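Read the structure below first, then the notes.
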Amino acid sequence: MLPRSPAFPHKHGQTRPDTLFTQRLLPHAFSQQQRIESHLNLTNTNKPCIHYLCTALKGFRVIDIYHVFQLSQQILELFLACEQQSEDLERKESCRAQLQRDIQRLFPCARVFLAGSSLNGFGSRSSDADLCLVVQDGPVNQRTDAVCILSLVQKLLYKLSYIERPQLIRAKVPILKFRDRISGVEFDLNVNNIVGIRNTFLLRTYAYIEKRVRPIILVIKKWASYHRINDASRGTLSSYTLVLMVLHYLQTLPEPVIPCLQKDYPECFSPVMDIHLVPDGPKNIPSFVSKNQSSLGDLLLGFLKYFATVFRWDKCVISVREAKALPKPNCREWKDKFICVEEPFDGSNTARAVHEKMKFDDIKAQFTEVCNSRELLRGMFLTFLTGLILIVLQKLYVPVECC
């Protein structure tokens with residue numbers, strides 16, 4: 114049964130849409146130590162007597178509960194050091210608003226949406242910003258029309274004093290890369306990639322519906338980057354795919370940590386909802402009170418074990434939309450793919466970049482090695498997190514470059 118308190122802490126009419134994401138969803142009023150202690154209390158990591166064995170690691174070597182407690186604390190410390198701050202988001206929003214005004218000189222009805230990790234709750238202080246230029250309600254031919262539109266926008270950007278280095282990238286979904294001269298933020302602009310806006314607000318709701326979701330995902334992204342398996346341009350996993358993998362794991366535990374939003378609230382995440390209504394769609398969804406009280410450390414180790422020993426890569430498709438692993442369809446798009454992760458709205462495979470067996474084997478090996486080695490027992494994961502935290506803290510006074 115779903116609970117009472119809202120995941121988006123406002124009621125209709127109380128918070129303007131343009132200030133929603135910069136006011137109450139990214140609170141930074143407390144000291145780091147206060148926030149660590151508060152979060153640890155909420156996730157029960159201050160009660161190790163309840164978890165003498167890591168329930169997420171049945172069959173693993175026994176890990177000293179103090180190490181798991183330390184791991185939980187380090188996960189949270191890294192998250193608090195790296196998470197995007199409200200001022201980071203405000204800088205991106207300021208550039209987005211100005212850019213929309215300038216682009217409307219070319220396309221009067223156009224809208225520019227902030228999307229991706231900057232807005233979905235899983236961004237860090239160094240995250241680039243994704244923008245979606247919506248010029249019409251229907252689809253745009255990405256090979257022809259999108260390139261033409263972005264070429265016109267590129268010419269405009271050359272004339273704007275606050276923009277530098279506009280570069281058109283002719284990919285499957287073409288993008289215009291540029292840098293905001295004032296904030297130093299790097300932007301990627303696409304045309305009418307509507308599904309990116311829809312999944313931004315779906316992921317944002319998952320990010321804030323349960324307090325453990327964001328810290329776990331940030332640390333797993335850092336771990337994957339460290340092991341060089343978090344780069345779709347090099348044939349490994351995109352950050353979006355990693356996020357969906359974590360959400361899938363959290364949904365499919367015997368006591369789920371998060372619900373299945375598209376099943377429980379289909380009207381809020383309809384794939385045909387008018388794109389201008391999408392940001393307001395999930396704002397009244399209540400937060401989810403899970404019966405699962407696993408610590409952050411338990412969940413991290415359980416995630417690694419799940420994909421090392423439980424999940425059938427060759428047989429299953431990860432589906433956050435259905436909150437389960439689906440049988441792999443016997444069709445061209447899926448049957449020959451090494452990793453299958455369903456995009457929640459358009460049903461495509463977000464892991465299609467993993468098309469070489471060598472890359473796939475490397476991804477699997479990272480999960481397997483961390484579980485089969487004595488790395489966890491010796492606390493090397495703790496050492497890895499500690500090193501990351503120290504690096505981040507040394508850079509906190511250079512907001513644009515940190516993390």
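Counted the way the numbering used here counts, the sequence shown spans residues 114 to 516.
A virtual CB, placed ideally from N, CA and C, is assigned to each residue, including glycine.
As the structure is a prediction and not an experimental result, all values here were calculated from the model.
Item, Value
"Residues in its own chain within less than 8 Å of L265 by CB, not counting five upstream and five downstream?", "L219"
"I need the DSSP call for F451, collapsed to helix, strand or coil.", "coil"
"Would you grab the beta carbon distance between V356 and L316 for me? Rounded to a whole angstrom, and I think it's under 8 Å.", "6 Å"
"Could you tell me the alpha carbon to alpha carbon distance between E150 and S407, rounded to whole angstroms?", "At E150, the pLDDT of 42 sits below 50, so the modelled position is not reliable; the number obtained from the coordinates is stated separately. Each residue's alpha carbon lies about 16 Å from the other."
"So I310 and C245 are in contact, right, with Cβ under 8 Å, and what is the actual spacing, rounded?", "6 Å"
"How about I295 and R204: do their beta carbons lie closer than 9 Å?", "yes"
"Go ahead and pull the three-state DSSP assignment for E277.", "strand"
"Assign A466 to one of three DSSP states: helix, strand, or coil.", "coil"
"With a Cβ-Cβ cutoff of 9 Å, do C208 and A242 count as a contact?", "yes"
"When you compare each of Q187, L270, V298 to Q197 by their alpha carbons, which one comes out closest?", "V298"
"V308 lies in the alpha helix (DSSP H); which residues open and close that run?", "307 to 322"
"With 16 as the cutoff for other CB atoms within 10 Å, does S230 come out buried or exposed?", "buried"
"Cutting at 7 Å between CB atoms, please list the residues of its own chain near C381, excluding the five before and the five after it.", "G394, P395, I398"
"Would you say the segment 417 to 435 touches the segment 262 to 281, given that touching needs at least three Cβ pairs under 8 Å?", "no"
"Do you know whose CA, among R445, P392, R238, W447, lies nearest E200's CA?", "R238"
"Within 10 angstroms of the Cβ of P328, are there 16 or more other Cβ atoms? Answer buried if so, exposed if not.", "buried"
"Taking contact to mean at least 3 C-beta pairs separated by less than 8 Å, is the segment 452 to 469 in contact with the segment 319 to 328?", "no"
"I need the boundaries of the beta strand (DSSP E) containing E299, first residue and last residue.", "299 to 304"
"In the DSSP assignment, find the unbroken beta strand (DSSP E) run with C429 in it and report its ends.", "429 to 432"
"Would you say the beta carbon of L315 is closer than 8 Å to some non-hydrogen atom of the ligand PLP?", "The model on display carries no ligand, and the ligand PLP is accordingly not part of it."
"What is the DSSP secondary structure of C444, counted as helix, strand or coil?", "coil"
"Using CA atoms only, rank isn't needed, just tell me which of K470, R256, F226, L363 is closest to Y319.", "L363"
"Just verifying my parser: in three-state terms, what is the DSSP assignment at I295?", "coil"
"Go ahead and pull the three-state DSSP assignment for K477.", "helix"
"Could you give the C-beta distance for S338 and T463, rounded to a whole number, given that I count them as a contact under 8 Å?", "Contact flag wrong, Cβ pair sits at about 17 Å."
"Quick check on R224: does DSSP put it in helix, strand or coil?", "strand"
"Which residue wins for smallest C-alpha separation from A228, given the options A194, I388, A345, F192?", "I388"
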